[in-house]
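Asks: Got a structure for you, questions after.
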Ligand SMILES: *Cc1c(COP(=O)(O)O)cnc(C)c1O
């Protein structure tokens, strides 16, 4: 290692810091939940958590923990193999079948993360004579996955259906053999749902297929939590769904792709993050299987999540905050300037509210925000306390 290389890296870190973009991690000393505690100078400091993807509050669910415990006893700790060599247990196939049944597809395939699912889905399915048409706000893993495929890339401005149509026409003019439109189901920075009915209509008109990354929806949006395709009534028209076990469905880890049988079969042969990466740990697979079973029946939790969402949303508007409109439990509180979002996050931290500020380059310049996420693990009193803390913090900074 040359000293000049480390100097170079240190200088880059310095730039990240002076730009105010350095991400420091706080250490949590409890299970993930609505009420957590962080380590603070050797002390435990209780916090109300408003930024987990723990939408249904399943991350510390006793039945899921019990299922994972049991799998440790019956199936062991790790697989020490990729799936196709000696890494497929009954629980892996049971989980894949459960995901496929849940989302109304023929079959599903597991990955270590949805990042890997999105990284591995395009390259085996599409070739140089094909076209991928991608929303500009799609998740980083989709952007990377698209880059790894040889297909021709087209990009449309976020949710701009006119531009999507223009791109479809372009792809057609360019002689694309197969066309795939890909979108997030929920745009996670803004918290709104993709216009899937319009996307599916355009797909039909131009003979394209549709893929939805439903990480921020599977488990809590739509009937039985089947996600944005079901929510918007186009479940049967979406060809490929990718999703995560690391958010609503227990929040451990793992990703999946659900689609028609030949697609899944080919991905098992060719998807590189599947072929060259270890199987999910049996305890994670068993816990996730239980999480899906619970999520499907969890109308009570979905109702509570939606009630918390409207209570927080309405309370914040009443308190004078600007929140982005939307229909999901993601509620961005707009502060516009990065420094303001950071100051607010710091003041909220001091008041026992755990949130994260988002600013450029994660969101556009001048669109800095605190992204709050509601959870069924929160109660009315928690929501009211959070709103009061926001108001108090804003007053202390002379904002609202
Ligand atoms: C969280 C997320 C991912 C990544 O999922 P992991 O399972 O954590 O890798 C991919 N796409 C979207 C839209 C996400 O929100």
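Numbering (the numbering used here), first residue to last: 95 to 494. Every residue, glycine too, gets a C-beta built ideally from N, C-alpha and C.
#1: Under the criterion of a Cβ to heavy atom distance below 7 Å, does residue 307 qualify as lining ligand 1?
#2: Measuring alpha carbon to alpha carbon, tell me which of 363, 428, 471 and 358 ends up nearest residue 452.
#3: Smallest Cα separation from residue 130: which of 448, 406, 190 and 193?
#4: On a Cα-Cα basis, can you pick out the residue from 378, 244, 327 and 437 that is closest to residue 341?
#5: Between the Cα of residue 376 and the Cα atoms of 127, 363 and 171, which residue gives the shortest distance?
#6: With respect to 7 Å, is the separation between the Cβ of residue 297 and the closest non-hydrogen atom of ligand 1 below this value?
#7: State the Cα-Cα distance for the pair residue 205 and residue 353, rounded to the nearest angstrom.
#8: Touch check for the stretch 409-421 and the stretch 481-492: three-plus C-beta pairs under 8 Å?
#9: Just confirm the distance between the C-beta atoms of residue 374 and residue 348, as a whole number of angstroms; I'd bet it's less than 8 Å.
#10: Using CA coordinates, which residue listed in 278, 120, 436 and 382 is at the minimum distance from residue 454?
#11: Using a Cβ-Cβ cutoff of less than 8 Å, which residues in the same chain neighbour residue 423 once the five nearest sequence positions on both sides are dropped?
#12: What is the rounded straight-line gap between the Cα of residue 218 and the Cα of residue 209?
#13: Does the pairing of the stretch 326-333 with the stretch 297-317 give three or more beta-carbon distances under 8 Å?
#14: Using 8 Å as the threshold, is the stretch 254-262 in touch with the stretch 187-198, meaning 3 or more CB pairs across them?
#15: Classify residue 426 as helix, strand or coil using the three-state DSSP reduction.
#16: For residue 397, name the three-state secondary structure that DSSP assigns.
#17: For residue 362, which residues of its own chain have a beta-carbon under 8 Å away from its beta-carbon, when the five flanking residues on both sides are left out?
#18: Restricting to Cα atoms, I'd like to know which of 247, 474, 251 and 371 is closest to residue 289.
#19: Do residue 338 and ligand 1 come close, with the Cβ less than 7 Å from some heavy atom?
#20: Kindly indicate which residue of 438, 490, 268 and 214 has the alpha-carbon position closest to the one of residue 370.
#21: Any heavy atom of ligand 1 closer than 7 Å to the beta-carbon of residue 208?
#22: Report the option in 234, 229 and 243 whose CA atom is closest to the CA atom of residue 304.
#23: Under the rule that 16 or more other beta-carbon atoms within 10 Å means buried, what is residue 320, buried or exposed?
#24: Starting from residue 129 and walking both ways along the beta strand (DSSP E), at which residues does that stretch end?
Replies: Based on what the coordinates show:
#1: For the purposes of this step, residue 307 is identified with residue 213 of the chain shown, where counting begins at 1. Yes - ligand 1 has a heavy atom lying nearer than 7 Å to the Cβ of residue 307.
#2: Numbered from 1 along the chain shown, position 358 holds the residue referred to as residue 452. Relative to the Cα of residue 452, the nearest Cα in the group 363, 428, 471 and 358 belongs to 428.
#3: The sequence position of residue 130 within the chain shown is 36, counting from 1. Checked all of 448, 406, 190 and 193; the closest Cα to residue 130 is 448.
#4: As a working note, residue 341 is residue 247 in the chain shown. Among 378, 244, 327 and 437, the Cα nearest to that of residue 341 is on 378.
#5: Your numbering for residue 376 matches position 282 in the chain shown. The candidate whose alpha carbon is nearest that of residue 376 is 171.
#6: Here residue 297 is taken as the residue at index 203 of the chain shown, counted from 1. Answer for residue 297: no, Cβ out of range of ligand 1.
#7: Locating residue 205 in the chain shown gives position 111, where the first residue counts as 1. Locating residue 353 in the chain shown gives position 259, where the first residue counts as 1. Cα-Cα distance, rounded: 14 Å.
#8: The answer is yes - the stretch 481-492 touches the stretch 409-421, with three or more Cβ pairs under 8 Å.
#9: For the purposes of this step, residue 374 is identified with residue 280 of the chain shown, where counting begins at 1. For the purposes of this step, residue 348 is identified with residue 254 of the chain shown, where counting begins at 1. Correct: roughly 5 Å between the Cβ atoms.
#10: Working through the chain shown from its first residue, we reach residue 454 at position 360. Comparing Cα-Cα distances from residue 454 to each of 278, 120, 436 and 382, the minimum goes to 436.
#11: For the purposes of this step, residue 423 is taken as residue 329 along the chain shown, with counting starting at 1. If we look at residue 423 and ignore the five residues flanking it on each side, its Cβ neighbours are 149, 285, 314, 399, 400, 402, 403, 467, 468 and 469.
#12: The count along the chain shown starts at 1 and reaches residue 218 at position 124. The count along the chain shown starts at 1 and reaches residue 209 at position 115. Roughly 16 Å between the two C-alpha positions.
#13: Because the criterion of three Cβ pairs below 8 Å is met, the stretch 326-333 and the stretch 297-317 touch.
#14: Flag = no, the stretch 254-262 and the stretch 187-198 do not touch.
#15: Translated into positions along the chain shown, residue 426 becomes position 332. Three-state result, residue 426: strand.
#16: Position 303 of the chain shown holds residue 397. Annotated three-state conformation of residue 397 is helix, per DSSP.
#17: Along the chain shown, read from residue 1 onward, the residue named residue 362 stands at position 268. 177, 178, 203 and 368, listed in sequence order.
#18: Sequence index remark: in the chain shown, residue 289 carries index 195 (1-based). Ranked by Cα distance from residue 289, the first of 247, 474, 251 and 371 is 251.
#19: Working through the chain shown from its first residue, we reach residue 338 at position 244. Between ligand 1 and residue 338, a heavy atom-to-CB distance of less than 7 Å is present.
#20: Stepping through the chain shown from its first residue, residue 370 is reached at position 276. Checking every option, the nearest Cα to that of residue 370 belongs to 214.
#21: Position 114 of the chain shown, counted from the first residue, corresponds to residue 208. Yes, the Cβ of residue 208 comes within 7 Å of a heavy atom of ligand 1.
#22: Counted from its first residue, the chain shown places residue 304 at position 210. Ranking 234, 229 and 243 by Cα distance to residue 304 puts 229 first.
#23: Looking up residue 320 in the chain shown gives position 226. Flag for residue 320 reads buried.
#24: In the chain shown, counting from the first residue as 1, residue 129 sits at position 35. Under the DSSP assignment, residue 129 falls in the beta strand (DSSP E) whose first and last residues are 129-134.
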